[in-house]
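Peer 1:
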Amino acid sequence: MELIAGSITDREVIVPDLPGFGLTGPLNSGSSLSAFVDYLTALRTEVGRQRGVKPILVGHSFGSILVSHLAASYKDDVDELVLINPITSPALEGPARFLTAVTRAYYALGARLPEQAGRSLLSSPAIVRAMSVAMATTRDPGLRRYIHDQHARHFSSFADRRSLSEAFATSVAHTVTEVADHLFMPTLVIAGDRDAIAPIEPTRAFVAELSDVDFVELGGVGHLVHYERSVEAASAIMDFCHRRIDG
């Protein structure tokens, strides 16, 4: 999300690591949906205490599941919501179901192997590159190199195999549509029409269910809007905030 954050010029942006990834250790309570939501709720409350105003929730991909469920659980406390490439269909039922099944087997094997072998498999540069190539849609060679470099640097940055496996299981077990009828707050949805992970048709259907929504559908881009169309995404977020919040 660094490119989007860097392109939002009218307000502070905070991009936390998901527990168990980056520099943040795993939660003692595990990597279930409720554990992540509880963590994000506490983090949002603390940021609000320090800054004097609670931050706007923005989530991409798996993050869209987490922030939408948080918003649905605390709808009286969440005034607006931004979802980028939201997961709107079950991972094992959409066009990427074969890839999801293979990925599930990959994580399961990585968790079962001895420590060194399992970690080597789960952080394999070749597998990370294959995943990156599969998701990128841009033809810009410089941007493709940047995307692959970012995935190589960060995709294998996980605390331990157990939390990684649990987080993946959580990510494929839930969608934003589970809580669509509880999302009454103004919501911005940004999606790409070539997204193989979160296909555009279920996303359009999800948007149609929301009572107060702005929808930005970007042509010619897939699941990596935050890399490939970051300036447009940031512009949409700033415009949404200006119209819906700043007045």
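Per the UniProt record's numbering, residue 1 is the first one in the sequence shown, and the count goes up by one each step. We put the beta carbon where it would ideally sit given N, CA and C, even for glycine. None of the values given here were measured: they were computed from a predicted structure.
Along the chain, where does the beta strand (DSSP E) containing E217 start, and where does it finish?
Peer 2: Where E217 is concerned, the enclosing beta strand (DSSP E) stretches over 213-218.
Peer 1: Tell me whether A159 sits in a helix, a strand or coil according to DSSP, three-state version.
Peer 2: DSSP places A159 in coil when its eight states are reduced to three.
Peer 1: Would you say the stretch 59-68 touches the stretch 78-85, given that touching needs at least three Cβ pairs under 8 Å?
Peer 2: Result yes; three or more Cβ-Cβ pairs closer than 8 Å.
Peer 1: Is it buried or exposed, I237, if we count other Cβ atoms within 10 angstroms and call 16 or more buried?
Peer 2: By the 10 Å Cβ count, I237 comes out buried.
Peer 1: Give the DSSP bridge partners of A191, in chain order.
Peer 2: A191 pairs with E217.
Peer 1: Can you look up L83 in the DSSP assignment and give me helix, strand or coil?
Peer 2: If DSSP states are grouped into helix, strand and coil, L83 belongs with the strands.
Peer 1: Might you give, ordered along the chain, the residues of its own chain that have their beta carbon closer than 6 Å to the beta carbon of residue 269, omitting 5 neighbours on each side?
Peer 2: Shown here, the chain extends from 1 to 247; a query on residue 269 therefore has no answer.
Peer 1: Looking at the structure shown, is L27 part of a helix, part of a strand, or coil, going by DSSP?
Peer 2: Correct three-state label for L27: coil.
Peer 1: For a test of the three-state rule: what should DSSP assign to H60, helix, strand or coil?
Peer 2: The answer is strand: DSSP assigns H60 an E or B state.
Peer 1: On the DSSP bridge assignment, give the partners of F206 in chain order.
Peer 2: Per DSSP, none; premise fails for F206.
Peer 1: Verify whether the separation of the beta carbon atoms of H182 and M1 is less than 7 Å.
Peer 2: Against a cut-off of 7 Å, the Cβ pair of M1 and H182 comes out as no contact.
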